[in-house]
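First residue of the sequence shown: 31, per the numbering used here; consecutive thereafter.
The C-beta atom is built at its ideal place from N, Cα and C for all residues, glycine as well.
These figures come from a predicted structure and were not determined experimentally.
Structure, as structure tokens:
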Amino acid sequence: MSLLPQFGFLELLLVAALALVVVGPRDLPKLMRAAGRSFAQMRRMASEFTAAFDQMAREAELDEMRKEIETLKANNPVNDVKRAVSDVVKPIKDAVDEEKTALRQATAGQGDADPAPTSQMDVRSGEGSEKVEDEASAGSSSRQGKA
């Protein structure tokens, strides 16, 4: 990687010879060290500048992404659908809860009353018991006939 691509080898050799004549052989190493440090410092500053510039570009891009994400969150269609569904479901749920409460209160009040009959026949009067006994005896006689 050449710092000065427009200069060839002969041009650089000419500059080095001229520096040797002007500065002298004794001070030339000090001058070259100082020039090397200056070039290194310039390269460091340039790399810091590009790094800072790249970081600013990344931050700007991140800020744009954050704004876009916030916009998407604010305009999220799923939230709109959830709100619409909850607006429809809430009155229905409230009505069902009221009916449940009313039913519980009604059944709690009937807890002391006589329970409803469990079958169609009235067990207290004895009606229908003869029919059950007849069916039971008919079933047992048919079983005995088969045996």
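Could you tell me the alpha carbon to alpha carbon distance between Met75 and Leu40, rounded to whole angstroms? 30 Å
According to DSSP, is Asn109 part of a helix, a strand, or is it coil? helix
Could you compute how far the alpha carbon of Gly38 sits from the alpha carbon of Arg56? 26 Å
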